[in-house]
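A.B. asks: I have a structure here, written as structure tokens, and I will follow up with some questions on it.
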Amino acid sequence: MDTNKNSYTIIYSTVLVVVVAAVLAVVAMGLKAKQQTNIDVEKQLSMLGSAGLAQDVKNAPDKNSYVEGEFNKYVVKGLVINAKGEIVKTDSTNLVKSEAFQISPEEQYETMKKIAAATSNSEKERLMAELKLPVFVCRTADGKEVSILSCYGPGLWGPIWGYVSLEDDFRTVYGALFDHKSETPGLGAEIVTNKFRDQFKGKEIFKDDNLVSVKVVKGGAKDKQHEVDALSGATITSTAVQSMIMNWLQYYLPYIQKNKENKDAADNAEFIQTEANSIAAADTLTIK
Amino acid sequence: MDKKIFTTPILKANPITVLVLGICSSLAVTVKLEPAIVMALSVTIVTGFSSFLISLIRKSIPNRIRIIVQLVVVAMFVIVIEQFLKAYAYDVSKQLSVYVGLIITNCIIMGRIEAFGLSEKPLPSLVDGLANGLGYGLILVVLAFIRELIGSGTLFGIQIIPLSWYVKEGGHYLNNGLFIMPPMALILIGCLIWIQRSFQKDLNDK
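Here you go:
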């Protein structure tokens, strides 16, 4: 048979492409569920990691079921909030399927970039209304209620992302976790290490009620409340982590403010209540 | 079947040190042992099976589109492997990132198909492909072993250099950061070629 005829070549390539496409489609369809589970588990593990949980994952015999178990155990609520700080949606069951879990920080970051570049106020407002931010409320083993916030931004070679968890006073950082796509191994890629992220624990994101976020400082942190050490040899990645957190905290700020005020008010009320109680107690004493 | 088909590509005509093919990925994925081994296995499977499949259909391939046909077959195997890694070895696939997809452009695969698969019977082609993949893998593992040990002080992520040797623990040892950068991999490959050529005199130019 003449394999060099035009008609033969065309039919041959058509059949080949159809066969290959069919094989690939079957493989992709067959493995899709499994792949999605892996991606979801990775996300859950990152969130738990930012709250200092699921540390035994390396020793767990089955990573996926361990992570899902821990996630269901500790994370109690998934909230979707808007740029005004209002809660749009609350889910407390089946969190992996919840709307908050489905939010892609990457897409939200694209919106943030557009907001920053917006020229008119009306456009800016329209984009702000589109913004959806996920918050996960997590009850840790030591009984603290921790809010896990998402963040995402550009690193040196590719995107970096992470989760920052705040204590219930909405001032103190409870923990943080970062990951990256393609930072330099041994330099920028060190943002994933415990050594780097443990520094964030206990830092305050407010200074005199102004949002200062956590600064990543070259040459050693001086202000122990608001600064952490940068990575040596990775100035751009370090700065990228700092601006990523600051950027996202700015959008989370209305929500943080509201909760912070509520918390402060609650603390005050408690204080007044105890005051009143002690005065009342003193009164009864004097009456007696 | 001649035994040499299997043994030659592993050392005597090693794709990396003798043919100098597949350098790009051998620089990129040899920072740690685990991804290097997964990469080596993936390439071995792809070279073996694509060579086998091309050899099976070699008489029917229209000569004018033969490179395209080869590419389509190689790409199919690579995508299938990528999908399986994402489903069953997610962490490793994250470390390998784009390099699994880039197996398609690995010169070893196309080189072997052109040089062997297109003209030989299926079974020898399969063996030749697998052997070339293993030859590539051997160099990858050697590189990754040296780079991970000296660059990070670990093997398979397990600490090998005692922690008490390190400067921050009061010792006198530091990991050599140069070894985790790609240029050092190229220098190491150069050293391997040097070593091989000092033993295998017939490789040297007259």
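Taken in sequence, the protein lines are chains A and B. Just so you know, we're using my numbering here: the first sequence kicks off at 17 and counts up by one. Just so you know, we're using my numbering here: the second sequence kicks off at 672 and counts up by one. For every residue, glycine included, the Cβ atom is placed at its ideal position computed from N, Cα and C.
Is any heavy atom in the ligand NAD found nearer than 8 Å to the beta carbon of residue 158 of chain A?
C.D. replies: Inclusion of the ligand NAD in the displayed structure is not the case, the ligand content being empty and no account of it being possible.
A.B. asks: Compare the C-beta of residue 200 of chain A against all C-beta atoms of chain B and say whether one is closer than 9 Å.
C.D. replies: It does: the Cβ of residue 200 of chain A has a partner Cβ on chain B nearer than 9 Å.
A.B. asks: What residue range is occupied by the uninterrupted beta strand (DSSP E) comprising residue 765 of chain B?
C.D. replies: Run containing residue 765 of chain B: none in the beta strand (DSSP E); it sits in the alpha helix (DSSP H), 761-767.
A.B. asks: Cα-Cα, which of B:706, B:746, B:738, B:703 is closest to residue 35 of chain A?
C.D. replies: Nearest option by C-alpha distance: B:746.
A.B. asks: Going by DSSP in three states, residue 50 of chain A sits in which element: helix, strand or coil?
C.D. replies: Looking at residue 50 of chain A - three-state DSSP - the assignment turns out to be helix.
A.B. asks: At 7 Å on the CB atoms, spell out the chain B contacts of residue 25 of chain A, in chain order.
C.D. replies: Per Cβ cutoff of 7 Å: 733, 735, 736.
A.B. asks: According to the Cβ coordinates, are residue 204 of chain A and residue 171 of chain A closer than 9 Å?
C.D. replies: Yes, they are a contact pair.
A.B. asks: For residue 192 of chain A, does the three-state DSSP call read helix, strand or coil?
C.D. replies: Three-state result, residue 192 of chain A: strand.
A.B. asks: Output, in chain order, the set of chain A residues within a Cβ distance shorter than 7 Å of residue 772 of chain B.
C.D. replies: The contacting residues do not exist; residue 772 of chain B stays about 13 Å from chain A at best.
A.B. asks: Taking Cβ-Cβ distances shorter than 8 Å, what residues in chain A pair up with residue 768 of chain B?
C.D. replies: The contacting residues are 197, 198.
A.B. asks: Find the residues of chain B that neighbour residue 28 of chain A, judging by a C-beta separation of less than 9 Å, and give them in chain order.
C.D. replies: Correct list: 731, 732, 733, 736, 740.
A.B. asks: When we look at the beta-carbon of residue 153 of chain A and count the other beta-carbons within 10 Å, is it buried (16 or more) or exposed?
C.D. replies: Result: buried.
A.B. asks: Short of 9 Å Cβ to Cβ, which residues in the region 696-709 of chain B face chain A?
C.D. replies: Hits within the stretch, in order: 702, 703.
A.B. asks: Quick check: the Cα distance between residue 854 of chain B and residue 186 of chain A, rounded to an integer number of angstroms?
C.D. replies: C-alpha separation (whole angstroms): 46 Å.
A.B. asks: Assign residue 200 of chain A to buried or exposed, taking buried as 16 or more other Cβ atoms, counted over all protein chains shown, within 10 Å of its Cβ.
C.D. replies: Its Cβ being crowded by 16 or more others within 10 Å, residue 200 of chain A is buried.
A.B. asks: In chain order, what are the residue ranges of uninterrupted beta strand (DSSP E) at least 3 long that sit wholly in the region 134-206 of chain A?
C.D. replies: As far as the region 134-206 of chain A is concerned, its whole beta strand (DSSP E) runs of at least 3 residues are 149-155, 161-170, 175-182, 189-196.
A.B. asks: Measuring alpha carbon to alpha carbon, tell me which of B:844, B:707, B:754 ends up nearest residue 46 of chain A.
C.D. replies: Among B:844, B:707, B:754, the Cα nearest to that of residue 46 of chain A belongs to B:754.
A.B. asks: Once the 5 residues before and after residue 243 of chain A are set aside, which same chain residues still bring their CB inside 6 Å of it?
C.D. replies: Contacts found: 231, 233, 237.
A.B. asks: Quick check on residue 142 of chain A: buried or exposed, where buried means 16 or more other Cβ atoms within 10 Å of its Cβ?
C.D. replies: So residue 142 of chain A ends up on the exposed side.
A.B. asks: Where does residue 145 of chain A land, buried or exposed, given buried means 16+ other C-beta within 10 angstroms?
C.D. replies: Label assigned to residue 145 of chain A: exposed.
A.B. asks: What's the gap between the Cα of residue 176 of chain A and the Cα of residue 192 of chain A?
C.D. replies: Taking the straight line from one Cα to the other gives about 13 Å.
A.B. asks: Would residue 852 of chain B count as contacting chain A if we go by Cβ distances under 9 Å?
C.D. replies: Yes, its Cβ sits closer than 9 Å to a Cβ of chain A.
A.B. asks: Counting only C-beta atoms, is residue 247 of chain A closer than 9 Å to chain B at any point?
C.D. replies: It does not: the Cβ of residue 247 of chain A has no partner Cβ on chain B nearer than 9 Å.
A.B. asks: Output, in chain order, the set of chain A residues within a Cβ distance shorter than 9 Å of residue 755 of chain B.
C.D. replies: 43, 47, listed in chain order.
A.B. asks: From the beta carbon of residue 713 of chain B, is the nearest beta carbon of chain A less than 9 Å away?
C.D. replies: Chain A, which has no Cβ nearer than 9 Å to the Cβ of residue 713 of chain B, makes this no.
A.B. asks: From residue 134 of chain A to residue 181 of chain A, what distance separates their C-alpha atoms?
C.D. replies: For residue 134 of chain A and residue 181 of chain A, the distance between alpha carbons rounds to 30 Å.
A.B. asks: Let's see if you can read the secondary structure: which residues bound the alpha helix (DSSP H) around residue 214 of chain A?
C.D. replies: Taken as a continuous stretch (DSSP letters only), the alpha helix (DSSP H) holding residue 214 of chain A covers 210-214.
A.B. asks: The alpha helix (DSSP H) with residue 94 of chain A in it runs from where to where?
C.D. replies: Premise fails: residue 94 of chain A lies in the beta strand (DSSP E), 91-97, not in any alpha helix (DSSP H).
A.B. asks: What are the boundary residues of the alpha helix (DSSP H) that residue 725 of chain B is part of?
C.D. replies: Counting along the chain, the alpha helix (DSSP H) containing residue 725 of chain B begins and ends at 704-727.
A.B. asks: Would you say the region 66-74 of chain A touches the region 149-166 of chain A, given that touching needs at least three Cβ pairs under 8 Å?
C.D. replies: Counting Cβ pairs under 8 Å, three or more are found: they touch.
A.B. asks: With the cut-off set at 9 Å, would you say residue 731 of chain B and residue 800 of chain B are in Cβ contact?
C.D. replies: Not a contact, by the Cβ cut-off of 9 Å.
A.B. asks: Examine chain B for any beta-carbon lying closer than 9 Å to the beta-carbon of residue 50 of chain A, and answer yes or no.
C.D. replies: Interface residue, yes.
A.B. asks: With 16 other CB atoms within 10 Å as the buried threshold, where does residue 845 of chain B fall?
C.D. replies: Under this definition residue 845 of chain B is an exposed residue.
A.B. asks: I need the straight-line Cα distance from residue 786 of chain B to residue 79 of chain A, nearest angstrom please.
C.D. replies: Going from the Cα of residue 786 of chain B to the Cα of residue 79 of chain A covers about 44 Å.
A.B. asks: So residue 688 of chain B and residue 864 of chain B are in contact, right, with Cβ under 8 Å, and what is the actual spacing, rounded?
C.D. replies: So it is a contact: roughly 5 Å between Cβ atoms.
A.B. asks: Please confirm if the region 73-93 of chain A is in contact with the region 109-126 of chain A, defined as three or more CB-CB distances below 8 Å between the two stretches.
C.D. replies: Enough Cβ pairs lie closer than 8 Å, so yes.
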